[in-house]
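Going by the numbering used here, the first residue of the sequence shown is number 6, and it counts up by one from there.
Ideal Cβ placement from N, Cα and C applies to all residues, glycine included.
A short worksheet on the structure shown next.
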Amino acid sequence: MSVGPNALVVEGGAMRSIVSCGILDSFLAKQFSPFDSFWGVSAGANNLVAYLANMPERNLKVYLDYSCRKQFIKPSRFVRGGDLMDLDWMWEISLRELGLDLDVLSEEKRPLFITVTRQSDGQAQYLTPDPKDIAQVMKASSALPILYRNGVELDGVRYVDGGVADALPIQAAIEQGAKNIMVLRSRPASYRKPKAKWRGLTRRLLRETPGLVEPMLTRDVRYNQALSLIAHPPQGINIMQFCPPEDFKLKRLSRDSEPLKRAYQLGVEMGEQAIETWNRQVVFK
């Protein structure tokens, strides 16, 4: 099945994904949407949903307010055997107070593929949910093992964060017919994922979900393979990536509003550059 030649892939990265939030809000401001399909992972998928729902700055409020509240991240709760990240609270309050425009999402006919990881065996799945189900699929794609222990059940199958199996679903987009692919990264271009540390501890913490042990310990292999694909795409495939600068140091679980605001503004500026690059490489070539 082909979904068209132009694809947008958005990486996750927890709070670092505020950069792609800024990029996508810039796209909305410029009414820029030349894509035939959309591919999102974890926080990147959440940003894509707000983009497709035409809700600028929705997720900026999530990053600057809800994600910084003490209810969301509690180390003491984690030490007692609970979740470090309370996704249940986050989804309940953000959906209640910010909502999602399901009418606009229902009118969108271009497919959105949200990457999730099957908890039983660590395999990637690329789900295209109906608008009524999209919030739960977003939550599943963000359910990082260990930090949110139980995953999310969808139609009888339990899923966890899509970044475990496929943090950059570029190959999947190519297999669906994409030829011009814009990739929004949350790491500088030089970044390469290192091998997993604390391997023994990871095995112990995942003892109740053994199917996730090896996928969690080999994330670096798949991630770095995707970076090689960006650097050396197949013939006829045009991949353009947009990354934060090399001095970008925002932490994955940052809760400091000023660096977050700067990262968002960086994304807005990157969005303008991305539009220019796309139009130069795709529209007029």
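Measure how close the beta-carbons of residue i and residue j come, nearest whole angstrom, since I'm counting them as under 8 Å.
i	j	result
residue 150	residue 214	7 Å
residue 74	residue 124	So it is not a contact: roughly 27 Å between Cβ atoms.
residue 225	residue 200	5 Å
residue 157	residue 105	The Cβ separation is near 17 Å, so there is no contact.
residue 184	residue 272	Residue 184 to residue 272, Cβ: 26 Å. No contact.
residue 90	residue 259	That pair is no contact at about 13 Å.
residue 193	residue 264	Not a contact, Cβ separation roughly 15 Å.
residue 66	residue 103	6 Å
residue 243	residue 278	Not a contact, Cβ separation roughly 17 Å.
Tell me residue i's beta-bridge partners as DSSP assigns them.
i	result
residue 120	46, 131
residue 158	163
residue 247	189
residue 78	90
Could you check where the alpha helix (DSSP H) with residue i kicks off and where it finishes?
i	result
residue 242	Careful: residue 242 lies outside any alpha helix (DSSP H) and carries neither H nor E.
residue 229	224-236
residue 97	92-102
residue 58	From DSSP, residue 58 is part of no alpha helix (DSSP H); its letter is neither H nor E.
residue 277	262-283
residue 286	First-last for residue 286: undefined, no H or E at that position.
residue 153	Segment: none, residue 153 is in no alpha helix (DSSP H) and carries neither H nor E.
residue 66	63-69
residue 112	107-112
residue 146	139-146
residue 207	204-210
residue 176	175-180
What do you reckon, are the CB atoms on residue i and residue j nearer than 7 Å?
i	j	result
residue 23	residue 56	no
residue 177	residue 228	no
residue 189	residue 247	yes
residue 216	residue 170	no
residue 58	residue 117	no
residue 47	residue 191	no
residue 122	residue 84	no
residue 35	residue 186	no
residue 143	residue 51	yes
residue 43	residue 276	no
residue 40	residue 13	yes
residue 72	residue 49	no
residue 88	residue 154	yes
residue 168	residue 17	yes
residue 145	residue 159	yes
residue 93	residue 61	no
residue 175	residue 232	no
residue 245	residue 282	yes
residue 181	residue 15	no
residue 45	residue 119	yes
I need the boundaries of the beta strand (DSSP E) containing residue i, first residue and last residue.
i	result
residue 189	185-189
Taking 6 Å as the cut-off, is the beta-carbon of residue i closer than that to any non-hydrogen atom of the ligand ADP?
i	result
residue 23	For the structure depicted, the ligand ADP is absent and the ligand set is empty, with no information on it obtainable.
State yes or no: is the beta carbon of residue i nearer than 7 Å to at least one beta carbon in chain B?
i	result
residue 63	Absent from the structure: chain B. Only one protein chain is present.
* Counting only runs that start and end within the region 6-46, where is the beta strand (DSSP E) found for 3 or more residues in a row? -> 11-15, 42-46
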